[in-house]
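Below: one structure, written as structure tokens.
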Ligand SMILES: *Cc1c(COP(=O)(O)O)cnc(C)c1O
């Protein structure tokens, strides 16, 4: 236990160092990059340790898991929860009052449900649109060609605000190939920034995980989702 705690502190220190280095390489400041600690399969005790090391952003990819841990997270009023995994429309109601940012919005149906539930809570829900660049059918995310119509829909929704884009490249691909996905998403982000839609404020590019967050930052990411590099390998 004591060793694990030490490891978490040390791992976070290393990740922050790498983030700083990659940010500087791409002409930005370390504080321009948001680190999300991905806590799937991690027990609340260890999540709280990360919080004591200064982590304020937590990413969960399953609704059930987020709800199960929620009450055990310390200092919760200062913590932001991010939903980063596939979200079923029937689960939106359980998390709408708990999450700061939903990264994995990939259909018009889901957008409409978020609008409906956010309206009930008198909340404007910040979201990212997830883009599937590899075309893998089992992966979440909308094809890039659907982005424009999703943004047009968002411009009619008063309880949804789009802050940017997110992607998860294929697991088995090489770093070089992932860099290409990252560059493609950055290009899409830049192109989208040039257009104006109501309720769309493009500022966040969520890409990069433990294996490739440095490459992602160098390709323009400003939000990285890091799990195993902080908490160790998942069982
Ligand atoms: C699990 C997960 C991560 C973090 O993965 P690591 O390789 O452990 O850093 C990031 N994003 C999403 C969407 C995930 O599901």
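Residue numbers (our numbering): 166 to 400.
Backbone N, C-alpha and C fix where the C-beta goes; we use that ideal spot for every residue, glycine too.
(request) Report yes if the C-beta of residue 286 is less than 8 Å from at least one heavy atom of ligand 1; otherwise report no. (result) Stepping through the chain shown from its first residue, residue 286 is reached at position 121. No, since every heavy atom of ligand 1 falls outside the 8 Å radius drawn around the Cβ of residue 286.
(request) Measure from the alpha carbon of residue 398 to the alpha carbon of each residue in 374, 279, 384, then state which is nearest. (result) As a first step, residue 398 is located in the chain shown; it is residue number 233 there, counting from the start. Nearest of 374, 279, 384 to residue 398, Cα basis: 374.
(message) Quick check on the DSSP output: the alpha helix (DSSP H) that includes residue 329 runs from which residue to which?
(response) Translated into the one-based positions of the chain shown, residue 329 becomes position 164. No alpha helix (DSSP H) holds residue 329; the beta strand (DSSP E) holding it covers 325–331.
(message) Tell me which residue opens and which closes the beta strand (DSSP E) that residue 292 is part of.
(response) Locating residue 292 in the chain shown gives position 127, counting from the first residue. From DSSP, the beta strand (DSSP E) with residue 292 extends over 290–295.
(request) From the DSSP output, read off the bridge partner residues of residue 286. (result) On the chain shown, position 121 is the one that residue 286 refers to. Paired residue(s): none; residue 286 is not in a bridge.
(message) Taking DSSP's pairing of strands, which residues face residue 299 in a bridge?
(response) Against the chain shown, residue 299 aligns to sequence position 134. Within the DSSP secondary-structure output, residue 299 pairs in no beta bridge.
(message) Is it buried or exposed, residue 340, if we count other Cβ atoms within 10 angstroms and call 16 or more buried?
(response) In the chain shown, residue 340 corresponds to position 175, counting from 1. When all chains shown are included, residue 340 counts as exposed.
(request) Note down the Cα distance separating residue 367 from residue 237, rounded to an integer number of angstroms. (result) Your numbering for residue 367 matches position 202 in the chain shown. Your numbering for residue 237 matches position 72 in the chain shown. Going by the C-alpha atoms only, they are around 33 Å apart.
(request) Please confirm whether residue 275 and residue 329 have their CB atoms less than 9 Å apart. (result) The residue you call residue 275 lines up with position 110 of the chain shown. The residue you call residue 329 lines up with position 164 of the chain shown. With contacts defined by Cβ atoms closer than 9 Å, residue 275 and residue 329 do not form a contacting pair.
(message) Only counting the same chain, and skipping five residues up and downstream in sequence, which positions put a Cβ closer than 6 Å to that of residue 258?
(response) For the purposes of this step, residue 258 is taken as residue 93 along the chain shown, with counting starting at 1. The answer, listed in chain order, is 282.
(message) Please state the DSSP three-state secondary structure of residue 203.
(response) In the chain shown, counting from the first residue as 1, residue 203 sits at position 38. In this structure, residue 203 counts as strand in the three-state DSSP scheme.
(request) Return yes when the C-beta of residue 226 is under 8 Å from any heavy atom of ligand 1, and no when it is not. (result) Here the question's residue 226 lines up with position 61 in the chain shown. Yes; taking the cut-off as 8 Å, the Cβ of residue 226 has a heavy atom of ligand 1 nearer than that.
(message) I need the straight-line Cα distance from residue 210 to residue 356, nearest angstrom please.
(response) The residue you call residue 210 lines up with position 45 of the chain shown. The residue you call residue 356 lines up with position 191 of the chain shown. Looking at the two C-alpha atoms, the distance is approximately 42 Å.
(request) Kindly indicate which residue of 390, 382, 203, 313 has the alpha-carbon position closest to the one of residue 360. (result) For the purposes of this step, residue 360 is identified with residue 195 of the chain shown, where counting begins at 1. Per the Cα distances, 313.
(request) Within the same chain, show all residues whose beta-carbon is closer than 6 Å to that of residue 388, passing over the 5 residues directly before and after it, in chain order. (result) Here residue 388 corresponds to residue number 223 of the chain shown, with the count starting at 1. Only 199, 369, 371 meet the Cβ criterion.
(message) Could you compute how far the alpha carbon of residue 285 sits from the alpha carbon of residue 342?
(response) Position 120 of the chain shown holds residue 285. Position 177 of the chain shown holds residue 342. Their Cα atoms are separated by approximately 43 Å.
(message) For a test of the three-state rule: what should DSSP assign to residue 267, helix, strand or coil?
(response) Taking the chain shown and counting its residues from 1, the one referred to as residue 267 is at position 102. DSSP places residue 267 in strand when its eight states are reduced to three.
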